[in-house]
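Undergrad:
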Amino acid sequence: MTKPKVGVSGAGGFTGGELLRLLLGHPGVELVRASSATHAGQPVAKAHPNLRGHTTMSFAPTLDPAGLDVVFLAGGHGEAMEQAPGLLERAPGLKLVDLSGDFRLKDPALYPVWYGREHRSPQLLPSFVYGMPELGGAALKGASRVANPGCIATAVVLALAPLAKTGLTGTAAVTAITGSSGSGVKPSATTHHPTREGNVRAYKPLAHQHAPEVEQALGGLKVALTAVSGPYVRGIYAIATVPLAAGWDAARVAAAFASFCEGKPFLRLLDAPPELNAVTGSNSCDLYARVEGGQAVVLAALDNLIKGAAGQAVQNLNLMLGLDESEGLRLPGSYP
């Protein structure tokens, strides 16, 4: 049986490298092509030395969709909305998984507000399914175009969805601490790891671009989100404090989390606060909830490059192709 052929556009960065790593080890697909404008003509292993001995592929300057079944768009924000129409014109049956923010928000008017640019392909927005399998895997089965969630958004949505999807409304105060790899491969004065090591800095308080994405996914539960640059490389640790309405107690919260997590292979509901080094390198998200004094505190930990990006993209790929959603993603991370 012929395996579906996949390609990765914008594969030179951290997320692109993790996508290549996961796809090279995936038993159900064949990775045949990768592109990177920065590394065009160079071996993939030069940009991603962990892949030495695993591939002889070199980067193309742009991705040719001919003969491909699925393309991952792993470039920066603004690139996918430019690329998608051309790719679909050249290969009308092509499936797309976009890892940028270009197709996550359904309202095109929100893009100038949160991403600082007009949407260049608003006609395609309705055709993209929001790709968080834990919220609704049925919509992803057989989907042709998927908008992969943001890394912080993934942690926050998974922390709060058990409550939001069982009727809790109001506003949750959320702090999300993220590692330096989330800022991408190109350093800046505030994101470069040497300036983050031994340092903590909040950024975009109440103005982070993942906030409208979270609220779109949750429905009636709003968020007051502050992101924090953590002094480490990988992982997101989200802390959400949620006022509970009348009728909500510890038992109801526990039941909501147990029900939500049941049957979801990458959610692990803990009886103690999670730690990052138990999830890094894996597609797992660890959750913990505690109720006290009329409020719930929910903690979520995940790897920003895996469950927050490349791993979730592969999970979506599996559902799009009718495979088991955990295919190619079953290995635990390393510890410590």
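Here the sequence shown is numbered in our numbering, starting from 722 and rising by one per residue. For each residue, glycine too, the CB sits at the ideal point set by N, CA and C. In this text the structure is predicted, and so the values were computed from the model without any measurement.
1) Write down every uninterrupted run of the beta strand (DSSP E) in the stretch 794-820 whose length is 3 residues or greater and which is fully enclosed by it, in chain order.
2) Using the Cα positions of Gly-797 and Val-850, report the straight-line distance between them to the nearest angstrom.
3) Determine the closest residue to His-775 out of His-747, His-914, Val-1019, Ser-1005, with distance taken between C-alpha atoms.
4) Do Thr-875 and Leu-820 have their CB atoms nearer than 9 angstroms?
5) Classify Asp-823: buried if its beta carbon has 16 or more other beta carbons within 10 angstroms, exposed otherwise.
6) Could you please give the first and the last residue of the uninterrupted alpha helix (DSSP H) stretch that includes Gly-858?
7) According to DSSP, simplified to helix, strand and coil, what is Lys-943?
8) Per the DSSP calculation, Thr-912 is bridged to which residue(s)?
9) So Pro-952 and Glu-996 are supposed to be a Cβ contact under 8 angstroms. How far apart are they, rounded?
10) Got a sec? Which residues, its chain only, sit under 8 angstroms from Gly-788 by beta carbon, not counting five neighbours each side?
11) Can you give, in chain order, each stretch of the alpha helix (DSSP H) that sits fully within the stretch 978-1046 and has at least 4 residues?
12) Could you tell me which residues DSSP pairs with Ile-873 in its beta bridges?
13) Just to confirm before moving on: does the CB-CB distance between Gly-728 and Pro-786 stay below 9 angstroms?
14) If the criterion is Cβ atoms closer than 9 angstroms, does the pair Pro-883 and Phe-978 meet it?
15) With 16 other CB atoms within 10 Å as the buried threshold, where does Lys-907 fall?
16) Kindly indicate which residue of Leu-744, Val-791, Trp-969, Glu-739 has the alpha-carbon position closest to the one of Ala-768.
17) Can you name the residues that DSSP bridges to Pro-964?
18) Under the rule that 16 or more other beta-carbon atoms within 10 Å means buried, what is Arg-866, buried or exposed?
19) Just verifying my parser: in three-state terms, what is the DSSP assignment at Leu-752?
20) Do the CB positions of Ala-711 and Leu-881 come within less than 9 angstroms of each other?
21) Given Ser-711, which residues of its chain have a CB within under 6 angstroms of its CB, disregarding the five upstream and five downstream residues?
22) What's the C-alpha gap between Glu-1046 and Arg-1011?
23) At what residues does the beta strand (DSSP E) containing Arg-922 begin and finish?
24) Given a cut-off of 9 angstroms on the beta-carbon distance, is the pair Gly-891 and Leu-942 in contact?
25) Can you tell me where the alpha helix (DSSP H) holding Lys-726 begins and where it ends?
26) Alpha carbon to alpha carbon, how far is Arg-841 from Glu-803?
27) Within the same chain, show all residues whose beta-carbon is closer than 8 angstroms to that of Arg-1063, passing over the 5 residues directly before and after it, in chain order.
28) By DSSP, does Arg-841 sit in helix, in strand, or in coil?
29) Helix, strand or coil for Thr-892, going by three-state DSSP, please let me know.
30) Can you give me the C-alpha to C-alpha distance between Ala-761 and Val-949, rounded to a whole angstrom?
31) Which partner residues does Val-867 have in the DSSP bridge list?
32) Answer yes or no: do Leu-1040 and Ala-864 have a C-beta to C-beta separation smaller than 9 angstroms?
33) With burial defined as no fewer than 16 other Cβ atoms inside 10 Å of the residue's Cβ, what is the status of Ala-910: buried or exposed?
34) Leaving out the 5 sequence neighbours to the left and right, which residues in its chain are closer than 7 angstroms to Gly-858 when beta-carbon positions are compared?
TA: Result, derived from the coordinates:
1) 816-819
2) Locating residue 797 in the sequence shown gives position 76, where the first residue counts as 1. Locating residue 850 in the sequence shown gives position 129, where the first residue counts as 1. The alpha-carbon atoms of Gly-797 and Val-850 are separated by roughly 19 angstroms.
3) Taking the first residue of the sequence shown as position 1, residue 775 is located at position 54. When only C-alpha atoms are compared, the closest one is His-747.
4) As a working note, residue 875 is residue 154 in the sequence shown. As a working note, residue 820 is residue 99 in the sequence shown. Not closer than 9 angstroms, so no.
5) As a working mapping, residue 823 is identified with position 102 in the sequence shown. Asp-823 should be labelled buried.
6) Position 137 of the sequence shown, counted from the first residue, corresponds to residue 858. Residues 854-861.
7) The count along the sequence shown starts at 1 and reaches residue 943 at position 222. Lys-943 falls in the strand class under three-state DSSP.
8) Locating residue 912 in the sequence shown gives position 191, counting from the first residue. None; Thr-912 has no bridge partner.
9) Numbered from 1 along the sequence shown, position 231 holds the residue referred to as residue 952. Numbered from 1 along the sequence shown, position 275 holds the residue referred to as residue 996. In fact, because the Cβ distance is near 15 angstroms, the residues do not count as touching under 8 angstroms.
10) Residue mapping note: residue 788 aligns to position 67 of the sequence shown, counting from 1. For Gly-788, where only same-chain residues beyond five positions count, the Cβ hits under 8 angstroms are Lys-726, Val-753.
11) 1032-1041
12) To locate residue 873, count along the sequence shown from 1; it is residue 152. Looking at the DSSP assignment, Ile-873 forms no beta bridge with any residue, so it has no partner.
13) Start at 1 with the first residue of the sequence shown, and residue 728 comes out as number 7. Start at 1 with the first residue of the sequence shown, and residue 786 comes out as number 65. Their beta carbons are under 9 angstroms apart, which means Gly-728 touches Pro-786 by this criterion.
14) Taking the sequence shown and counting its residues from 1, one reaches residue 883 at position 162. Taking the sequence shown and counting its residues from 1, one reaches residue 978 at position 257. Yes.
15) For this step, residue 907 is matched to residue 186 along the sequence shown. Exposed, by the Cβ-count rule.
16) Along the sequence shown, one-based indexing puts residue 768 at 47. Among Leu-744, Val-791, Trp-969, Glu-739, the Cα nearest to that of Ala-768 belongs to Glu-739.
17) Counted from its first residue, the sequence shown places residue 964 at position 243. The partner list for Pro-964 (beta bridge, DSSP) reads Gln-1016.
18) Working through the sequence shown from its first residue, we reach residue 866 at position 145. Under this definition Arg-866 is a buried residue.
19) Numbered from its first residue, the sequence shown carries residue 752 at position 31. Strand at Leu-752.
20) Outside the shown range of the chain (722 to 1057) lies residue 711, about which nothing can therefore be said.
21) Nothing about residue 711 can be reported from this structure: the residues present for the chain run from 722 to 1057 only.
22) In the sequence shown, counting from the first residue as 1, residue 1046 sits at position 325. In the sequence shown, counting from the first residue as 1, residue 1011 sits at position 290. Straight-line Cα distance between these residues: approximately 29 angstroms.
23) Position 201 of the sequence shown, counted from the first residue, corresponds to residue 922. Taken as a continuous stretch (DSSP letters only), the beta strand (DSSP E) holding Arg-922 covers 922-924.
24) Stepping through the sequence shown from its first residue, residue 891 is reached at position 170. Stepping through the sequence shown from its first residue, residue 942 is reached at position 221. Closer than 9 angstroms, so yes.
25) Locating residue 726 in the sequence shown gives position 5, where the first residue counts as 1. Not the alpha helix (DSSP H): Lys-726 falls in the beta strand (DSSP E), residues 726-730.
26) Residue 841 sits at position 120 when you count from the first residue of the sequence shown. Residue 803 sits at position 82 when you count from the first residue of the sequence shown. Approximately 7 angstroms, taken between the alpha carbons.
27) Outside the displayed range of the chain (722 to 1057) lies residue 1063, so it cannot be described from this structure.
28) Walking along the sequence shown from the start, residue 841 turns up at place 120. Correct three-state label for Arg-841: coil.
29) Taking the first residue of the sequence shown as position 1, residue 892 is located at position 171. Residue state, collapsed to three classes: strand.
30) Translated into positions along the sequence shown, residue 761 becomes position 40. Translated into positions along the sequence shown, residue 949 becomes position 228. Rounded to whole angstroms, Ala-761 to Val-949 spans 34 angstroms at the Cα level.
31) Taking the first residue of the sequence shown as position 1, residue 867 is located at position 146. DSSP, once it has assigned bridges, lists Val-818, Val-850 as partnering Val-867.
32) In the sequence shown, residue 1040 corresponds to position 319, counting from 1. In the sequence shown, residue 864 corresponds to position 143, counting from 1. It is a contact, given that the beta carbons lie within the stated cut-off.
33) Stepping through the sequence shown from its first residue, residue 910 is reached at position 189. Ala-910 is exposed by the Cβ-count criterion.
34) For this step, residue 858 is matched to residue 137 along the sequence shown. Once the five neighbours on either side are set aside, the close Cβ partners of Gly-858 are Leu-1040, Glu-1046.
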